[in-house]
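Peer 1:
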Amino acid sequence: MARERKFTHDELFTTTHLLLLRYGYEGFTFSLLAETLQVSRAAIYKQYMNKEELISNYMVSALQKVHVELKSIDQQIPLLGQLDELLTKVYKYKSLQQFFGIGNQIQDNGSELVILKKKILMQLQLEMRDIIQELIEQGKKENILNKEIPSDLILGFMLQSIATPNREGFAQEEWIRSIKELIFYGITKVK
6 MARERKFTHD ELFTTTHLLL LRYGYEGFTF SLLAETLQVS RAAIYKQYMN KEELISNYMV
66 SALQKVHVEL KSIDQQIPLL GQLDELLTKV YKYKSLQQFF GIGNQIQDNG SELVILKKKI
126 LMQLQLEMRD IIQELIEQGK KENILNKEIP SDLILGFMLQ SIATPNREGF AQEEWIRSIK
186 ELIFYGITKV K
């Protein structure tokens with residue numbers, strides 16, 4: 006009998022991430038995951054009973070990393086520096102924005118583990134939103150951000166700008182610099 010190929014938890018999560026990006030929640034299967042990892046489905050079932058448990062566990066792990074990074078923004082630097090750091094960190098994890106809707110698609114099927122993970126996902130999303138919202142409110146308070154523009158619109162504009170595809174293939178540093186310039190100064194040259 007052939008020996009089962011071993012895979013790490015990181016490999017499992019990285020492959021889950023890539024397959025979710027490519028096929029979405031509905032297209033993600035243990036068969037596809039096993040084929041990509043070159044293991045049997047049984048090897049995956051040894052760790053997770055179903056895709057809902059795997060995906061919810063992966064998403065909690067991924068969002069916890071982002072949450073920690075957002076909380077680590079240096080509060081001692083000027084606000085524009087904090088916003089710059091925020092945008093850099095959000096850009097680093099831009100592919101995760103596509104997953105926010107997946108949390109709602111995950112069927113809990115009565116699994117206490119999945120129900121718990123979905124609650125944690127919602128809490129993490131709210132806390133990350135609060136971190137960004139606090140920076141926006143501080144920007145308005147310091148007259149750096151326009152008080153006339155609703156905070157939700159600023160937040161949405163920032164996140165959607167980061168998610169804009171780089172179809173022309175600009176270097177990553179140039180692309181993020183251009184996004185930051187657009188967010189901070191707008192599209193016009195006239196001030």
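All the letters of the sequence shown, read from the start, carry residue numbers 6 to 196 under the numbering used here.
Beta carbons are placed, not taken as given, at the ideal position from N, Cα and C, and that holds for glycine.
Everything numeric in this text was worked out from a predicted model, so none of it was measured.
Any contact between the stretch 47–55 and the stretch 69–89? By contact I mean 3 or more CB pairs, one from each, below 8 Å.
Peer 2: In short, these stretches do not touch, since the Cβ pair count stays below three.
Peer 1: Which residue from Met163, Ala176 and Pro155 puts its Cα closest to that of glycine 191?
Peer 2: Looking up residue 191 in the sequence shown gives position 186. Comparing Cα positions, the closest option is Met163.
Peer 1: Buried or exposed, going by whether 16 or more other CB atoms sit within 10 Å of the CB of glutamate 40?
Peer 2: Along the sequence shown, read from residue 1 onward, the residue named residue 40 stands at position 35. That one is exposed.
Peer 1: Report buried or exposed for methionine 127, applying the criterion of at least 16 other Cβ atoms within 10 angstroms of its Cβ.
Peer 2: As a position in the sequence shown, residue 127 is number 122, starting the count at 1. Under this definition methionine 127 is an exposed residue.
Peer 1: Which ranges does the alpha helix (DSSP H) cover as unbroken runs of at least 4 residues, wholly within the stretch 25–51, from first to last along the chain?
Peer 2: Counting only runs of 4 or more, we get 35–42 and 46–50.
Peer 1: If I'm right that leucine 59 touches threonine 21 with Cβ under 8 Å, what's the distance once you round it to whole angstroms?
Peer 2: Here residue 59 corresponds to residue number 54 of the sequence shown, with the count starting at 1. Here residue 21 corresponds to residue number 16 of the sequence shown, with the count starting at 1. Yes, leucine 59 and threonine 21 are in contact; Cβ-Cβ is about 6 Å, under 8 Å.
Peer 1: Take the Cβ of tyrosine 204 as the centre, count every other Cβ of all protein chains shown within 10 Å, and call the residue buried at 16 or more, exposed below.
Peer 2: Here the chain has residues from 6 to 196 only, and residue 204 is not among them.
Peer 1: Hey, out of Ile137, Asn109 and Arg172, whose CA is closest to serine 156's CA?
Peer 2: As a first step, residue 156 is located in the sequence shown; it is residue number 151 there, counting from the start. Residue Ile137 is the option with its Cα nearest to serine 156.
Peer 1: Anyone know if the C-beta pair for isoleucine 184 and leucine 85 falls short of 8 Å?
Peer 2: The residue labelled residue 184 in the question sits at position 179 within the sequence shown. The residue labelled residue 85 in the question sits at position 80 within the sequence shown. Going by C-beta atoms, isoleucine 184 is not nearer than 8 Å to leucine 85.
Peer 1: In terms of residues, what are the limits of the alpha helix (DSSP H) holding glutamate 132?
Peer 2: For the purposes of this step, residue 132 is taken as the residue at position 127 of the sequence shown. Looking at the DSSP string, the run of the alpha helix (DSSP H) that includes glutamate 132 is 117–146.
Peer 1: Taking 6 Å as the limit between beta carbons, can you name the residues of its chain near tyrosine 53, skipping five residues before and five after?
Peer 2: In the sequence shown, the residue the question calls residue 53 occupies position 48. Hits under 6 Å: Leu59.
Peer 1: Should glutamate 57 be labelled buried (16 or more other beta-carbon atoms within 10 Å of its own) or exposed?
Peer 2: Translated into the one-based positions of the sequence shown, residue 57 becomes position 52. By the 10 Å Cβ count, glutamate 57 comes out buried.
Peer 1: Using three-state DSSP, classify glutamine 80 as helix, strand or coil.
Peer 2: The sequence position of residue 80 within the sequence shown is 75, counting from 1. Three-state DSSP puts glutamine 80 in coil, outside helix and strand.
Peer 1: Which first and last residues belong to the alpha helix (DSSP H) in which tyrosine 53 is found?
Peer 2: In the sequence shown, the residue the question calls residue 53 occupies position 48. That residue, tyrosine 53, is in no alpha helix (DSSP H); it is neither H nor E in DSSP.
Peer 1: Could you say which of His72, Ser66 and Val44 lies nearest to aspartate 15 if we only look at CA atoms?
Peer 2: For the purposes of this step, residue 15 is taken as the residue at position 10 of the sequence shown. Considering only alpha carbons, the answer is Ser66.
Peer 1: Might you give, ordered along the chain, the residues of its own chain that have their beta carbon closer than 6 Å to the beta carbon of leucine 42, omitting 5 neighbours on each side?
Peer 2: By 1-based counting over the sequence shown, the position of residue 42 is 37. Counting only Cβ-Cβ distances below 6 Å, and skipping sequence neighbours, we find Phe12 and Thr20.
Peer 1: Looking at the secondary structure, which residues open and close the alpha helix (DSSP H) in which phenylalanine 162 lies?
Peer 2: Here residue 162 corresponds to residue number 157 of the sequence shown, with the count starting at 1. Where phenylalanine 162 is concerned, the enclosing alpha helix (DSSP H) stretches over 156–168.
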